[in-house]
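Structure first, commentary second.
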Amino acid sequence: MYKILPILLFTYGFAVTTDDIYDNSYALIIGINKYQNVKELSYAVNDAEAIYNKLINEYDFHKSKVKLLLDIKATNYNIKKEFNSIVMSAGSNDRILIYFAGHGETMPLPDGGEMGYLIPWEGESNNLYMTSIPMSELKQLSLMSQAKHILYLVDACYSGLATTNYRSLNNEKQSNYISKITNNKSRQIITAGGKDEQVIEKSDWGHSAFTKNLLSGLSYKNADYNSDYIITASELGLY
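The opening position of the sequence shown corresponds to residue 1 in full-length UniProt numbering, with each subsequent residue numbered one higher.
Written out as structure tokens, the structure is:
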């Protein structure tokens, strides 16, 4: 059985286990196909359900601490409510994983730059501020949380996010590296793409390209580039 952590993904047989690092593991999984006001998607719900099942069945997330919101249940209010509940409940030795599969949009800011939004079930692309969820709000809540590690996996394309670049891998010695990242707070985001890019879905896959590769990287150790039986968030993002 694999061990999944926002900062580290341990395989079986490794000396350090999930329980050695975290007291609790929380997750919020969101997938929206049938939108009220914008174009429907085909496989966002399937993507979310696949991630939900993998976390519970293979990666040490207890069902009672994993919330799944699909289609009409993934309203602006419900997403914010569940996100707030998780980030404020998590303690200083806990981890949080947030997964979103659906539409994302970008709004240009008057002074330059852009703001990324997640579009909930009832969101409107021409009224993002009033109907959608700005990533800045989720970022602020995550900074208020005591949780040790928070990882966002966003299967939507837009800019305006404080994303992490994955251009190189950390070559520190294993013992020092593990000690450093398991003792420090961290918040990371991995997204499917940038502004004006489309989320790719194919019936042959039954998933989007992002989640297909995410599942492949976790299921078959393909994301373990240096074959050290540890998959870091940086390796996962690069994959």
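Yeah, the Cβ is synthetic: ideal placement off N, Cα and C, and Gly gets one too.
Keep in mind it's a predicted model, so treat the numbers as computed, not measured.
Rounded separation between ASN78 and ASN57 - CA only | For the purposes of this step, residue 78 is identified with residue 78 of the sequence shown, where counting begins at 1. For the purposes of this step, residue 57 is identified with residue 57 of the sequence shown, where counting begins at 1. Looking at the two C-alpha atoms, the distance is approximately 25 Å.
Beta-bridge partners of HIS149, as assigned by DSSP = Here the question's residue 149 lines up with position 149 in the sequence shown. Its beta-bridge partners are ARG95 and SER186.
Counting along the chain, where does the beta strand (DSSP E) carrying GLU124 start and finish?
-> The residue you call residue 124 lines up with position 124 of the sequence shown. No beta strand (DSSP E) holds GLU124; DSSP gives it neither H nor E.
Distance, TYR129 Cα to THR106 Cα | Walking along the sequence shown from the start, residue 106 turns up at place 106. Walking along the sequence shown from the start, residue 129 turns up at place 129. Each residue's Cα considered, the two are about 11 Å apart.
Verify whether the separation of the beta carbon atoms of SER125 and VAL45 is less than 8 Å.
-> Taking the first residue of the sequence shown as position 1, residue 125 is located at position 125. Taking the first residue of the sequence shown as position 1, residue 45 is located at position 45. In this structure, VAL45 does not lie closer than 8 Å to SER125 by Cβ.
Mind pulling the alpha helix (DSSP H) runs of 4 or more residues that sit fully within the segment 24–85?
-> 44–58
Report, in whole angstroms, the separation of the C-beta atoms of GLY102 and ILE30, which I expect to be a contact under 8 Å.
-> Here the question's residue 102 lines up with position 102 in the sequence shown. Here the question's residue 30 lines up with position 30 in the sequence shown. Yes, they are in contact, since the Cβ atoms of GLY102 and ILE30 sit about 7 Å apart, within 8 Å.
Of the choices ASP111, PHE83, LYS54 and VAL66, whose alpha-carbon is the least far from that of GLU137?
-> Here residue 137 refers to the residue found at position 137 of the sequence shown. Comparing Cα positions, the closest option is PHE83.
So, GLY116 versus MET135, is the Cβ gap smaller than 8 Å?
-> Indexing the sequence shown from 1 puts residue 116 at position 116. Indexing the sequence shown from 1 puts residue 135 at position 135. Contact: yes.
Element boundaries [beta strand (DSSP E), containing TYR117] = Numbered from 1 along the sequence shown, position 117 holds the residue referred to as residue 117. Here the beta strand (DSSP E) through TYR117 covers 114–118.
Just curious, the beta strand (DSSP E) that PRO108 is in, first and last residue?
-> Position 108 of the sequence shown, counted from the first residue, corresponds to residue 108. First-last of the beta strand (DSSP E) with PRO108: 104–108.
What are the residues that DSSP puts in a beta bridge with ALA101?
-> The sequence position of residue 101 within the sequence shown is 101, counting from 1. DSSP lists GLY31 and ASP155 as partners of ALA101.
List the DSSP bridge partners of ILE133.
-> Your numbering for residue 133 matches position 133 in the sequence shown. Paired residues: LEU118.
When the distance is taken between beta carbons, is ALA90 closer than 8 Å to GLN140?
-> Within the sequence shown, numbered from 1, the residue matching residue 140 stands at position 140. Within the sequence shown, numbered from 1, the residue matching residue 90 stands at position 90. No; because the gap between Cβ atoms is not below 8 Å, this pair is not in contact.
By how many angstroms is the C-alpha of TYR26 removed from the C-alpha of LYS65?
-> Taking the sequence shown and counting its residues from 1, the one referred to as residue 65 is at position 65. Taking the sequence shown and counting its residues from 1, the one referred to as residue 26 is at position 26. Cα to Cα, LYS65 sits roughly 5 Å from TYR26.
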